[in-house]
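So the structure is just underneath, and the comments pick up after that.
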Amino acid sequence: MIAEAKLMRSINHPNIVKFYGICCDQTPVMIVMELCPGGSLLRHLTREGAAITTGERIKFAAETAGGMNHLHSKDVVHRDLAARNCLISKTGVVKIGDFGLSKIVSDLAGENLKNMPIPLRWMAPETLTDKPQFSKASDVWAYGVLLFEIFSHGQKPWPDWENKRIATHIRRNQMIDFPSTAPDEVRKMVNEGLWHRDPTKRLDFHNITRLFIQISIKYPAPVLDKLTVNNIPDVCATGNEEPAFLCETAEDTADGAPPITTNIEYDVKLKRFVESPTPTDDQHSNKKKLQRKSSLKKRNQVTVTCEVTEEKVTQGSEEEKVKSTPAPKGRIGKGKHRKSMANTPPVKRMSNKS
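Per the numbering used here, residue 711 is the first one in the sequence shown, and the count goes up by one each step.
So, in structure tokens, the structure goes:
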């Protein structure tokens, strides 16, 4: 618990439960943290069910991604990211808590990870081996399972399966179908960018947050008084601040990463998650313009005639004017067969005399 307190002392973000101090003058040792009267996100998802709009679910997803982005910017791996460990504040904001299994990345190397008590359904394939490898990428995998919870009304993957069967499917990257109620952009992000078997090919939380900002434009959250978090006693959503998941500290961008804003130039890697595969009107228009240009180019093609003109040849201080004989009419060969016919003797015509 002392280690958890030391870790949390260095973290300060609107989407992370705030740490105030630790009481260790008597047992048991107690950590003093921000009060989140809304309880766990898991409880809210199961209680409200289908009443939560897609826009509000996107808001939950973006807020947790913003908190994880800050954690990873501090080189902290959570290792137990799930809806049960996300809390709702008095202003209706989702905050990440429960840092009992969190570690600084540099401290993971010397730790015995084999018997770590982490719920199986949230574990990445590389953590289900004889030598488990926990990393920022394994947090990203767990975040994909958290998104599954958000869009399935709090249901966990494979609720009735035994652990051995679940572990086999995860190792083989045979993940459960993502809820059909989720937007296509979210489903594609999870299946291709989060649940990728190769940890190095998963998205990081900076780009995940950027994607959710873009998705939230298409699926905006309801007005404040329509948010379901207001149904929780002692919780009242406010709009006095910029969305919490847009907030970041100097440490978040210390490595030169672009800031998280709504005015973003998406790179190719991210565009494939938010762009529709169906051609847009602009794409059809550009295609027609290219076709017209190609047609015009073909019509304007003409036979090139070679014409040698008078030119000046300068050698030292002398100038000479060289006038070449114009090329004869007709087709001129290409490459090494191109020759001037100026000095070719005339061809004698034979006349037929009877």
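A virtual CB, placed ideally from N, CA and C, is assigned to each residue, including glycine.
This one's a predicted model, so the numbers in the text were calculated from it and none came from an experiment.
Which of helix, strand or coil DSSP assigns to residue i
| i | result |
| --- | --- |
| residue 1030 | Summary for residue 1030: the model assigns pLDDT 46, below 50, so the residue's position carries little reliability, and this model does not support an answer. |
| residue 913 | coil |
| residue 850 | helix |
| residue 762 | coil |
| residue 942 | coil |
| residue 876 | helix |
| residue 786 | strand |
| residue 726 | strand |
| residue 841 | coil |
| residue 771 | helix |
| residue 833 | coil |
| residue 900 | helix |
| residue 863 | coil |
Nonlocal neighbours in the same chain, by C-beta distance under 8 angstroms from residue i, ignoring five residues either side
| i | result |
| --- | --- |
| residue 904 | 850, 851, 853, 854, 857, 912, 913 and 918 |
Residue i to residue j span [Cα, whole Å]
| i | j | result |
| --- | --- | --- |
| residue 869 | residue 795 | 18 angstroms |
| residue 724 | residue 743 | 13 angstroms |
| residue 908 | residue 935 | 42 angstroms |
| residue 779 | residue 916 | 6 angstroms |
| residue 873 | residue 843 | 19 angstroms |
| residue 802 | residue 726 | 13 angstroms |
| residue 793 | residue 948 | 22 angstroms |
| residue 785 | residue 757 | 34 angstroms |
| residue 921 | residue 732 | 37 angstroms |
| residue 774 | residue 806 | 7 angstroms |
| residue 716 | residue 722 | 13 angstroms |
| residue 730 | residue 739 | 14 angstroms |
| residue 885 | residue 830 | 13 angstroms |
| residue 798 | residue 777 | 13 angstroms |
| residue 840 | residue 834 | 13 angstroms |
| residue 923 | residue 809 | 26 angstroms |
| residue 787 | residue 836 | 15 angstroms |
Cross-strand partners of residue i (DSSP beta bridge)
| i | result |
| --- | --- |
| residue 797 | 750 and 805 |
| residue 732 | 741 |
Residue environment, residue i, which counts as buried when at least 16 other CB atoms sit within 10 Å
| i | result |
| --- | --- |
| residue 890 | exposed |
| residue 867 | buried |
| residue 1105 | With the chain running from 711 to 1064 in the structure shown, residue 1105 is simply not present. |
| residue 931 | buried |
| residue 790 | buried |
| residue 772 | buried |
| residue 848 | buried |
| residue 768 | buried |
| residue 946 | exposed |
| residue 933 | exposed |
| residue 734 | exposed |
Contact set for residue i: own chain, Cβ-Cβ below 6 angstroms, skip 5 residues either direction
| i | result |
| --- | --- |
| residue 770 | 804 and 860 |
| residue 832 | 792, 852 and 855 |
| residue 942 | 748 |
| residue 762 | 938 |
Contact test: residue i Cβ vs the ligand SAH heavy atom, cutoff 7 angstroms
| i | result |
| --- | --- |
| residue 927 | Questions concerning the ligand SAH fall outside what the structure shown contains, since it holds no ligand whatsoever. |
Residues near residue i by beta carbon distance below 7 angstroms, same chain, minus five either side
| i | result |
| --- | --- |
| residue 823 | For residue 823, the predicted model reports a pLDDT of 45, less than 50, meaning its position is unreliable; a value from the coordinates is still stated below. Only 842 and 844 meet the Cβ criterion. |
| residue 862 | 889 |
| residue 877 | 830 and 838 |
| residue 892 | 861 |
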